[in-house]
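When you line the sequence shown up against the numbering used here, it's residues -5 to 212, in that order.
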Amino acid sequence: MSDNKPILRYNANERSNHWVVAILFVLAGLSGLALFHPALFWLSQLFGGGPWTRILHPFIGVAMFVFFLGLVLRFWRANFITANDRLWLRRIDRVMLNKEDGVPPIGKYNAGQKLLFWTLLACMLVLLVSGVVIWRAYFSHWFGIDVIRLSALLHALAAFVLILSIIVHIYAGIWIKGSIGAMLHGWVSRGWARKHHELWYRDVTGDKTPHNHGRKEG
């Protein structure tokens, strides 16, 4: 393989799946915020007013969960925490300073990305279950008022954590130059892959030469 030939990180289906989830997240977030507090109710105008916002929000949420499940099925195997990931977390200060000495090589995703993946999955599950409980038109009459109140609280809490997690996700994508491009067109340079995800680079290229001989693999 040529040293200048880029490496495919995400195929067209994976990228499409990601961006559909991203669009649905924005729609679910805006409609949810409109319903969360009167000060944000003006956002409901984006969806045709209050009644339409209440109607559309749960359907958008279910669609977001279904498409996110598509991402889970595609990527869950690459998101298990390894010994190198635990060492990477212990040396996160060096990672933040872009110092490679003592930082172990990692696979397709680093420990931060993996923790984000499982956090998003947990939030999505809580949002789905709690959302069904408080979905007044179809399901809420099956549950007592105490369960509905608890579900509403959990729904808001999970949404808060989810929004913060996505903000971190966006920031990290901007901070690591090339990450957003990978999700836009699918390709990364060999240098980018070797620097940020060395074990994955070795797997996809067959190049077993360590990038940084001073690093330990944990």
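All C-beta atoms in this analysis are idealised placements derived from N, C-alpha and C, irrespective of residue type, glycine included.
{"Check": "Cβ-Cβ distance between V97 and R80 below 8 Å", "Outcome": "no"}
{"Check": "Rounded separation between H179 and H135 - CA only", "Outcome": "46 Å"}
{"Check": "Residue range of the unbroken alpha helix (DSSP H) whose run includes G96", "Outcome": "G96 -> no alpha helix (DSSP H), and no H or E assigned at all."}
{"Check": "Cα-Cα separation, P160 to H12", "Outcome": "This sequence places Ile at residue 160; Pro is not what is there. Whole-angstrom Cα-Cα distance: 13 Å."}
{"Check": "Proximity below 8 Å, CB of Y103 to CB of A57", "Outcome": "no"}
{"Check": "Cα-Cα separation, R209 to T76", "Outcome": "Residue placement at R209 is poorly supported in this model, since its pLDDT is 45, which falls under 50; the coordinates still yield a value, given next. Using only the alpha carbons, I get a separation of about 16 Å."}
{"Check": "Counted within 10 angstroms of its Cβ, other Cβ atoms place M244 as buried (16 or more) or exposed", "Outcome": "Residue coverage of the chain in this structure runs from -5 to 212, which leaves residue 244 outside it and unanswerable."}
{"Check": "Through-space distance from L50 to W70, alpha-carbon basis", "Outcome": "29 Å"}
{"Check": "Burial state of R143, where buried means 16 or more other Cβ atoms lie within 10 Å", "Outcome": "exposed"}
{"Check": "Helix, strand or coil at W46 according to DSSP, with G and I counted as helix", "Outcome": "helix"}
{"Check": "Selected residue, minimal CA-CA separation from I54, among W169, L21, R130, G42", "Outcome": "L21"}
{"Check": "Euclidean distance between Cα positions of N(-2) and I174", "Outcome": "20 Å"}
{"Check": "Straight-line Cα distance separating I168 from G123", "Outcome": "Rather than Gly, the amino acid found at residue 123 in this sequence is Val. Cα to Cα, V123 sits roughly 32 Å from I168."}
{"Check": "DSSP beta-bridge partners of W181", "Outcome": "L2"}
{"Check": "Opening and closing residue of the alpha helix (DSSP H) in which L121 lies", "Outcome": "105 to 127"}
{"Check": "Host alpha helix (DSSP H) of S214 (start-end)", "Outcome": "Outside the modelled stretch of the chain, which goes from -5 to 212, sits residue 214, for which no answer is possible."}
{"Check": "Nearest-angstrom beta carbon gap, V120 and F61 [assumed within contact, 8 Å]", "Outcome": "Between V120 and F61 the Cβ distance is about 17 Å, and since that is not below 8 Å, they are no contact."}
{"Check": "Of the residues P52, P0, H163, F41, the one placed nearest A131, counting alpha carbons only", "Outcome": "P52"}
{"Check": "Local Cβ density within 10 Å of F154, reported as buried at 16 or more and exposed below that", "Outcome": "exposed"}
{"Check": "Chain-order list of residues whose beta-carbon lies under 6 Å from that of V126 (same chain, five-residue window excluded)", "Outcome": "F133"}
{"Check": "For G23, the three-state DSSP class (helix, strand or coil)", "Outcome": "helix"}
{"Check": "Coil, strand or helix - G200 by DSSP", "Outcome": "coil"}
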